[in-house]
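Protein chains: 2
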Amino acid sequence: MSDVAALAGVSHQTVSRVLNDHPSVRPGTRARVLDAVEALGYRRNSAARTLVTRRSGTIGVVTSGSALFGPISTLLAIERAARDGGLFVSVVTVRQWDAAEVRTALDHFMDQGVDGAVVIANQDDALDAVRTWDARIPVVVVGSQDVPSGRLRAVAVDQYAGACTAVWHLLDLGHRSIAHLTGPMDWIDARERLRGWRDELEWAGRAVPAPIDGDWTAERGFRVGLALADGELPTAVFAANDQLALGLLHAFAQRGVRVPQDVSVVGFDAVDGSDHFVPPLTTVHQDFEGLGQRCLAVLRTAIDGEAASAETIVPRLIVRASTAAPRTPEA
Amino acid sequence: MSDVAALAGVSHQTVSRVLNDHPSVRPGTRARVLDAVEALGYRRNSAARTLVTRRSGTIGVVTSGSALFGPISTLLAIERAARDGGLFVSVVTVRQWDAAEVRTALDHFMDQGVDGAVVIANQDDALDAVRTWDARIPVVVVGSQDVPSGRLRAVAVDQYAGACTAVWHLLDLGHRSIAHLTGPMDWIDARERLRGWRDELEWAGRAVPAPIDGDWTAERGFRVGLALADGELPTAVFAANDQLALGLLHAFAQRGVRVPQDVSVVGFDAVDGSDHFVPPLTTVHQDFEGLGQRCLAVLRTAIDGEAASAETIVPRLIVRASTAAPRTPEA
DNA sequence: AGCATGAATGTGAGCGCTAACATCTAGAGC
DNA sequence: GCTCTAGATGTTAGCGCTCACATTCATGCT
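As given, the protein sequences belong to chains A and B, one line each in that order. Everything in the first sequence is counted per this note's numbering, starting at 12 for the first residue and increasing by one. Everything in the second sequence is counted per this note's numbering, starting at 12 for the first residue and increasing by one.
Okay, here's the thing in structure tokens:
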């Protein structure tokens, strides 16, 4: 930096001012400094900046190490939103959401001087871990609908609304017996989707069957599909994600159960390729791009100490060939 | 740090030594310092460390912003490998692989003082962009099989070998007319898979039909599948990835073409759920975990100035129900 | 002319840490 | 008892930057 200052014939402080867009620098001086920067190929050392400003222009993101659709899409969207806002992203993945691992990750981010952190925490354990960390930097939790407290903020897609839309679609087609294949119950998303399914059925005055426990895997969907086909088949199944739905479709195909003629299937996520499942899957699309942007907006306001808006993102139903009216509409 | 030193009754330098595992510190002193650290909840400021050591314990990863299976899996694997090795990861995604964007990303990493960088560059543009950046830090390119040059290293999965295995499997079953639905030709992976298919057919003394241009999408696979079903159907199709294969399966199902009885289909990637496509897809599995580890090992040796081993990872064929011997084995 | 005013620039200190060197201490060897 | 040595510790400087303050300079006012 002093080299630049010398070449431009100014003090190091003026160079600093130019680089930080300080107002009171004469245009001529600014130009001279910029030329010197260019000529010398000078690049500011961000470690030194961070040391003195206590700001790194970086945010930390903690997410699960699994390649699940939701977390991954969220991560990518956050990175994009951050970069659009001139921030950079550090990532730590955790194997399990135990408090120690999360705390280690967040502590690391603090050491690094990140301006804020995001935790993509769709699971209870993750949330607990974050809550028990006494946050000295702003932290946004993606996936929960908590109210802001301390330095914690929450941003989420409204899974409940998504599930309601999906179930309503089936009710609207005339279905009455709508089964639900859930995600793992320690996932908030899974519970919200379950709740949406249940409430929607209750509002419609329908009996609510016992939900079928699932994880997020196609394998589980397949097993359940076989069992359903061999036993009492509902007229529609709402699966908690597309993988489960894919497994159902496979099982039904194998047993000669036709979709949607014999049974309708709805998924959740609108993963790539779900439009070419056999048959193309009716599913619920979440706007991850919007989620990422919202996330960053909230983080920004938290960093600047302002109040945060706790808006949620509402997902959208995509109707495709896997759903239709039941063949013999029940009275 | 001076607080810790005061509490432990030593100098700040001794504290530094303890924290850096310097050998010549008496066990008693070390314990006292550690206690003080614990009592005060002291955490070392990494910006200050980076400033003086010129090492941040961080690596940068540049990847595409798309949620494609390969790049994502690679990213996650690298993060895991890095963390296991005590390194942290900064991520920048690029929208397009233009030289300017890549250079910006790498420059940023340099400013940040990363110890090295990884570019997940399966596309020509990406490679060009990296090559034209005069690397002053070690950079590992994932996806190319370049020889090391300067500070550049390369690590890759052997796409060619994977394709050969897949095609060999079909030849072995008795197939003769094996079509290939390619990926985008500006992807190295796509070209390598194409090359493997072609060479394998040639070695077997079979005629090599014109490859069918594709991208990575199920939609494209679907279109091609319809065209094939309506025209001249080969006895087997090798699709450059699972999404394309999924589209093919959909098209064939729609046209009443049975898989594998009428046509065999092979994919590439072994994405989650490919075991529950209808029918379950024969595909090629890449060991991303291993790729990530190799990647970090190479980066490490590059950082320490040692020579790098340019080993590649060999993918593995997974045979499932989508392939079988052709019904009327051609002479 | 003389002085307040504010914009443009320079000066010094210090962020928290580590590297290099200086110093001290205890035991070995004669 | 004395030096020698090596291990354990302390001292000083400086990484590259920004902040707070000091200084300079042109401008407009009485």
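Where is the CB? At the ideal position from N, CA and C, for every residue including glycine.
| query | result |
| --- | --- |
| Chain A contact for B:E230 (CB, 8 Å cutoff) | yes |
| Whether B:A201 touches B:G207 by CB criterion (8 Å) | no |
| Where A:A128 sits in the DSSP three-state scheme | strand |
| Local conformation of B:L18 per DSSP, three classes | helix |
| Residue-level contact to chain B via CB, A:R234, 8 Å cutoff | no |
| Assigned exposure category for A:P82 - 16 Cβ within 10 Å defines buried | buried |
| Residues of its chain near A:V289, where Cβ-Cβ distance is below 8 Å and the 5 sequence neighbours each way are ignored | L260 and A264 |
| Under 7 Å by beta carbon: chain B residues contacting A:Q123 | S57 |
| Listed by chain order, chain A residues near B:V248 by CB distance under 8 Å | What B:V248 touches in chain A: nothing, since even the nearest Cβ is about 15 Å away. |
| For B:S75, the first and last residue of its enclosing beta strand (DSSP E) | T69 to S75 |
| A:V73 to A:I324 span [Cα, whole Å] | 21 Å |
| Chain B contact for A:G284 (CB, 8 Å cutoff) | yes |
| Coil, strand or helix - A:A342 by DSSP | With a pLDDT of 39 at A:A342, under the threshold of 50, the modelled position of this residue cannot be trusted; read the value that follows with caution. If DSSP states are grouped into helix, strand and coil, A:A342 belongs with coil. |
| The stretch 87-99 of chain A: positions lying closer than 8 Å to chain B by Cβ | L87, E90, R91, R94 and F99 |
| Collapsed DSSP secondary structure at B:Q107 in the structure displayed | coil |
| Counted within 10 angstroms of its Cβ, other Cβ atoms place A:D32 as buried (16 or more) or exposed | exposed |
| Within the stretch 156-191 of chain B, ranges of the alpha helix (DSSP H) (whole runs, at least 4 residues) | 170-184 |
| Where B:T294 sits in the DSSP three-state scheme | strand |
| Neighbour flag for B:V257 against chain A, beta carbons, 8 Å | Just to set this straight, residue 257 of chain B is Leu in the shown sequence, not Val. Yes - at least one Cβ of chain A is within 8 Å of the one on B:L257. |
| Residues bridged to A:F99 [DSSP beta-bridge criterion] | A:T69 |
| Beta carbon of A:S101 nearer than 8 Å to that of A:V125 | yes |
| Same chain only: Cβ atoms within 6 Å of B:R41, ignoring 5 sequence neighbours per side | V29 |
| A:P271 (DSSP reduced to helix, strand or coil) | coil |
| Short CB-CB distance (under 8 Å) between B:L260 and chain A | yes |
| CA nearest to the CA of A:H23, picked from A:P38, A:G39 and A:V48 | A:V48 |
| Segment contact flag, the stretch 275-287 of chain A with the stretch 241-250 of chain A, C-beta cutoff 8 Å, min 3 pairs | yes |
| Chain-ordered chain A contacts of B:H62 [CB-CB under 8 Å] | For the record, residue 62 of chain B in the displayed sequence is Leu; it is not His. Here the neighbours are N56, A58, A59 and L62. |
| Contact with chain A by B:G242, beta-carbon distance below 8 Å | no |
| In DSSP terms, what A:L328 is bridged to | A:V295 |
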